[in-house]
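Heads up, the sequence shown is in the working numbering, so the first residue is 36 and it goes up one at a time. By construction, the Cβ of each residue, glycine as well, lies at the ideal position given by its N, Cα and C atoms. Everything numeric in this text was worked out from a predicted model, so none of it was measured.
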Amino acid sequence: MTRLTLAAQDAQDLELLSARLQDAVAKLKDITWLPKKRRFAAVVNRLQWEDGGKTRVRAGLHFDGVLKVQSHQVKLGADEAVVSILALRFAPNPAGDGAEADPGGVIEIVMAGGGAIRLTVECIDGGLSDLTQPWAAIARPEHGEA
36 MTRLTLAAQD AQDLELLSAR LQDAVAKLKD ITWLPKKRRF AAVVNRLQWE DGGKTRVRAG
96 LHFDGVLKVQ SHQVKLGADE AVVSILALRF APNPAGDGAE ADPGGVIEIV MAGGGAIRLT
156 VECIDGGLSD LTQPWAAIAR PEHGEA
């Protein structure tokens with residue numbers, strides 16, 4: 036099986052990453068921000084929805100050009116706590132009067148249970164890469180009909 040590698044440079048690309056990250060889980064100790072490098076990175080166990088959601092794979096997620104990281108309802112310091120990603124969202128900075136559109140904004144990593152991590156970015160510059168071979172998923176999340 037081919038390992039997935041995706042890059043994100045605009046809001047449409049970010050939607051693809053969001054779809055591939057739905058129901059990914061990670062321990063908080065596997066999520067970090069490197070302020071001097073302006074990089075946010077995480078290693079997650081990604082559910083492979085593209086293969087029917089029957090397998091998981093370890094994957095690396097990163098965003099560069101990160102100016103600030105904030106969290107909401109995330110247990111900071113609880114390294115063994117597990118979070119589940121529901122979606123990635125992007126809110127662009129407002130465009131100035133007559134100026135070119137600002138490529139920056141806020142990427143929000145929405146977690147199950149109401150938590151979120153917000154990345155203030157200069158622009159969308161990220162990627163997702165599978166790191167391991169897949170293994171059988173023990174459980175598959177149930178999402179009610181929308």
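Of the residues the options, which one's Cα is nearest the Cα of residue i?
i: Leu121; options: Val104, Val145, Phe75 and Trp68; result: Val145
i: Gln44; options: Pro169, Val156 and Ala77; result: Val156
i: Arg101; options: Trp84, Arg81 and Ala76; result: First, the amino acid is wrong: residue 101 is Val here, not Arg. Of Trp84, Arg81 and Ala76, the residue nearest in Cα terms is Ala76.
i: Ala116; options: Ala174, Ala147, Arg124 and Pro127; result: Ala147
i: Thr90; options: Arg153, Asn80 and Asp137; result: Asn80
Sort out for me which residues DSSP pairs residue i with in a bridge.
i: Thr37; result: Looking at the DSSP assignment, Thr37 forms no beta bridge with any residue, so it has no partner.
i: Ile173; result: Beta-bridge pairing links Ile173 to no other residue.
i: Trp84; result: Answer is none; Trp84 lacks a bridge partner.
Measure the alpha-carbon distance for residue i versus residue j and round it to whole angstroms.
i: Gly161; j: Glu135; result: 22 angstroms
i: Glu177; j: Arg73; result: 36 angstroms
i: Asp114; j: Cys158; result: 29 angstroms
i: Ala130; j: Ala171; result: 46 angstroms
i: Asp58; j: Leu69; result: 25 angstroms
i: Gly139; j: Thr167; result: 32 angstroms
i: Lys64; j: Val78; result: 9 angstroms
i: Gly88; j: Leu82; result: 6 angstroms
If you check the beta carbons only, do residue i and residue j fall under 7 angstroms apart?
i: Val109; j: Ala61; result: no
i: Leu41; j: Leu52; result: yes
i: Asp165; j: Val92; result: yes
i: Leu96; j: Leu163; result: yes
i: Phe125; j: Ala46; result: yes
i: His107; j: Ala151; result: yes
Of all the CB atoms in chain C, is at least one closer than 7 angstroms to the CB of residue i?
i: Arg91; result: Within the model displayed, chain C is absent; a lone protein chain is all it includes.
At 3 residues or longer, what runs of the beta strand (DSSP E) sit wholly inside the segment 119 to 175? 140 to 146, 151 to 156 and 161 to 165
Which whole runs of the beta strand (DSSP E) in the segment 42 to 107 are 3 residues long or more, in chain order? 60 to 62, 66 to 69, 74 to 82, 90 to 99 and 101 to 107
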